[in-house]
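Before any comments, here is the structure.
Residue numbers (my numbering), protein chains in the order written: chain P, 438 to 761; chain G, 438 to 761.
Here it is in structure tokens:
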């Protein structure tokens with residue numbers, strides 16, 4: 438019998454990563470291609486399809502490819518479209534699944550946004566294995582989220598569920614890219630913590646090396662490094678970030694009462710610096726019903742591979758669904 | 438072939454209502470008994486079991502009873518226990534399902550909290566028929582909620598999901614019975630709107646008949662009546678209530694992107710007075726992804742019967758699950 442595999446694809450702003458993955462989460466072959474932006478999407482698809490075929494060939498013989506899972510920004514599972522992803526420059530609505538079907542006729546070709554595939558990856562291969570109710574929060578340039586309820590991905594009636602980066606923490610708060618004010622993303626992301634540093638510099642007289650750097654040049658990694666060196670503004674910035682994030686999480690818990698919350702992405706790599714305050718404020722703000730019941734955990738998956746693993750995992754979920 | 442029916446039970450603080458319901462949601466017989474509180478729960482169960490049997494007998498011959506669904510406060514579906522319902526006076530943890538099984542051996546005997554059974558009732562027999570993603574918010578003395586995702590009730594890993602009355606709207610806000618400050622329930626409930634009247638009386642110089650009534654004697658129904666007569670404080674109180682509720686809902690939507698939000702309970706009966714401001718502030722605060730996509734609707738079920746209908750509906754859901 439042939440070994441069943443699925444293909445996971447992670448479409449980033451500059452690079453596209455491809456992995457041929459077996460059902461146990463072993464990556465059997467990897468491929469890469471630049472993400473050709475601001476071209477006719479078909480030009481990109483020609484290159485992508487060829488790279489997929491090459492990667493499958495590299496993975497070995499006697500393989501049965503069950504499907505392709507694609508993780509991309511602003512993606513809609515139901516319609517198979519990438520919608521309004523300005524930075525990709527392929528137009529406003531790209532029927533990605535339909536277009537990819539012109540190259541492949543596998544049973545399952547599915548598109549989801551990156552945070553959704555990440556949480557499915559965590560569920561199948563990572564720290565959420567065996568759990569049925571989980572929330573993953575991705576702390577990158579923005580804040581994304583993927584939610585599992587009753588073992589299933591929460592997509593919502595329109596495919597856009599799980600935008601927890603856009604719950605409003607403060608109606609008079611910071612301007613958000615979405616046009617509103619005070620979204621979680623403006624505080625708890627890599628860019629949010631940089632804004633927090635600027636705010637602390639304005640509000641306090643605390644000495645800090647960060648006062649000597651132009652805000653546009655400050656990165657979250659830099660704040661992390663200064664925090665490790667004991668810089669008080671940097672340390673306080675992590676405390677403030679954890680405060681907003683912990684408070685937000687305590688409300689998320691009242692919604693789906695998950696067994697665990699996973700943090701993933703750049704800021705999550707700061708370890709105790711971000712986990713300690715987040716946990717503290719999460720418990721402090723949580724309704725007593727949930728006190729000390731919800732785990733706050735780092736993703737167990739390799740950051741460089743979670744997107745590809747997750748996207749491939751969505752294929753198995755899809756095949757499960759098709760069988761029901 | 439015998440007609441399949443299920444029994445729905447609504448345990449309130451003073452009365453217990455019983456209904457024998459067919460799969461189409463027709464109530465074939467009804468029964469009632471006082472909720473005997475502050476007694477050994479077995480004393481109450483003796484009376485309850487007898488009333489259930491009488492009600493089933495009244496419903497007719499040739500019936501096959503498939504199960505009993507019980508809706509009660511502070512109930513846990515997974516454990517079948519009523520936990521910490523001080524006002525019932527049966528002790529801190531009451532293994533209700535286990536105890537009821539000593540009287541009945543139907544395939545499904547299930548316990549859920551009232552808001553959860555209400556949303557299952559709405560899904561099977563009310564305005565949510567055919568929908569897969571729905572949130573019901575019950576605006577009673579407190580604020581409860583029942584959430585459906587992918588057609589299934591959201592229970593969470595511990596059975597306590599869906600406490601949306603306890604998301605925090607203002608960390609420096611009103612004292613809540615849960616021990617924290619600023620929970621949605623302190624603003625958007627029948628008691629919350631009374632508190633809002635007191636606040637408006639304190640903050641404004643607006644003339645109002647409500648200034649002549651002791652706060653303890655003001656009810657939400659009274660505020661409704663004064664609002665209809667054009668009392669400005671009463672009208673403003675509904676506006677403020679809708680503001681908090683609408684704002685909260687705009688965040689709930691970012692979680693599960695439901696097709697519709699249903700409002701149910703005393704305050705929901707105020708019609709446009711509550712729906713108009715809630716809808717306005719919901720749209721105003723909502724992330725653009727969801728703008729004008731989410732319906733805000735009143736429950737279509739008879740308020741006096743939804744609890745019994747909902748509890749009976751949970752039985753069918755349970756039998757569906759057992760078959761999988």
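Built from N, CA and C at the ideal position, the CB exists for glycine as well.
Inter-residue spacing [alpha-carbon to alpha-carbon] between residue i and residue j
| i | j | result |
| --- | --- | --- |
| residue 755(P) | residue 461(P) | 16 angstroms |
| residue 576(G) | residue 745(G) | 18 angstroms |
| residue 647(P) | residue 670(P) | 8 angstroms |
| residue 478(P) | residue 486(P) | 12 angstroms |
| residue 555(G) | residue 453(G) | 16 angstroms |
| residue 688(P) | residue 567(P) | 24 angstroms |
| residue 637(G) | residue 662(G) | 17 angstroms |
| residue 751(G) | residue 547(G) | 7 angstroms |
| residue 524(G) | residue 464(P) | 57 angstroms |
| residue 609(P) | residue 448(P) | 35 angstroms |
| residue 706(P) | residue 656(P) | 14 angstroms |
| residue 457(P) | residue 612(P) | 41 angstroms |
| residue 535(G) | residue 442(G) | 21 angstroms |
| residue 603(G) | residue 731(G) | 22 angstroms |
| residue 717(G) | residue 725(G) | 14 angstroms |
| residue 593(P) | residue 474(G) | 41 angstroms |
| residue 710(G) | residue 676(G) | 8 angstroms |
Buried or exposed (CB count within 10 angstroms, at least 16 for buried), residue i
| i | result |
| --- | --- |
| residue 684(P) | buried |
| residue 617(G) | buried |
| residue 544(P) | exposed |
| residue 665(P) | exposed |
| residue 714(G) | buried |
| residue 622(P) | buried |
| residue 468(G) | buried |
| residue 570(G) | buried |
| residue 695(G) | buried |
| residue 514(G) | buried |
| residue 504(P) | buried |
| residue 679(G) | buried |
| residue 633(P) | buried |
| residue 438(P) | exposed |
| residue 761(G) | exposed |
| residue 742(P) | buried |
Given residue i as reference, the closest of the options once Cα atoms are compared
| i | options | result |
| --- | --- | --- |
| residue 739(P) | 550(P), 534(P), 702(P) and 707(P) | 702(P) |
| residue 511(P) | 559(P), 712(P), 582(P) and 587(P) | 582(P) |
| residue 549(P) | 481(P), 526(P), 520(P) and 716(P) | 520(P) |
| residue 729(P) | 709(P), 698(P) and 707(P) | 698(P) |
| residue 673(P) | 651(P), 631(P) and 693(P) | 631(P) |
| residue 451(G) | 613(G), 509(G), 708(G) and 590(G) | 509(G) |
| residue 480(P) | 668(P), 537(P), 753(P) and 529(P) | 537(P) |
| residue 572(G) | 717(G), 706(G), 652(G) and 733(G) | 733(G) |
| residue 518(G) | 607(G), 499(G), 590(G) and 597(G) | 597(G) |
| residue 753(P) | 459(P), 659(P) and 446(P) | 459(P) |
| residue 476(G) | 709(G), 526(G) and 614(G) | 526(G) |
| residue 735(P) | 686(P), 692(P), 759(P) and 574(P) | 574(P) |
| residue 692(P) | 591(G), 747(G), 643(G) and 676(G) | 591(G) |
Short CB-CB distance (under 8 angstroms) between residue i and chain G
| i | result |
| --- | --- |
| residue 699(P) | no |
| residue 587(P) | yes |
| residue 729(P) | no |
| residue 675(P) | no |
| residue 452(P) | no |
| residue 658(P) | no |
| residue 600(P) | yes |
| residue 442(P) | no |
| residue 563(P) | no |
| residue 410(P) | What the structure shows of chain P is the stretch from 438 to 761, and residue 410(P) is not part of that stretch, so it cannot be assessed. |
| residue 485(P) | no |
| residue 627(P) | no |
Cβ of residue i within 8 angstroms of any chain P Cβ
| i | result |
| --- | --- |
| residue 566(G) | no |
| residue 547(G) | no |
| residue 747(G) | no |
| residue 532(G) | no |
| residue 609(G) | no |
| residue 460(G) | no |
| residue 695(G) | yes |
| residue 594(G) | yes |
| residue 738(G) | no |
**Q.** Secondary structure, beta strand (DSSP E): runs of 3+ residues fully inside the segment 574-599 of chain P
**A.** Contiguous beta strand (DSSP E) elements confined to the segment 574-599 of chain P occur at 580-586, taking only those with 3 or more residues.
Q: Could you pull out every unbroken beta strand (DSSP E) segment of at least 3 residues lying fully inside the segment 658-725 of chain G, listed in chain order?
A: Listed in chain order, the complete beta strand (DSSP E) runs (minimum 3 residues) inside the segment 658-725 of chain G are 697-701.
(Q) Restricting to runs no shorter than 3 residues, where is the beta strand (DSSP E) found entirely within the segment 452-479 of chain P? (A) At a cut-off of 3 residues, the continuous stretches assigned as beta strand (DSSP E) that sit fully inside the segment 452-479 of chain P are 452-459 and 464-471.
Q: Jot down the residue ranges of each uninterrupted beta strand (DSSP E) in the segment 515-542 of chain G, minimum 3 residues, whole runs only, in chain order.
A: 518-520
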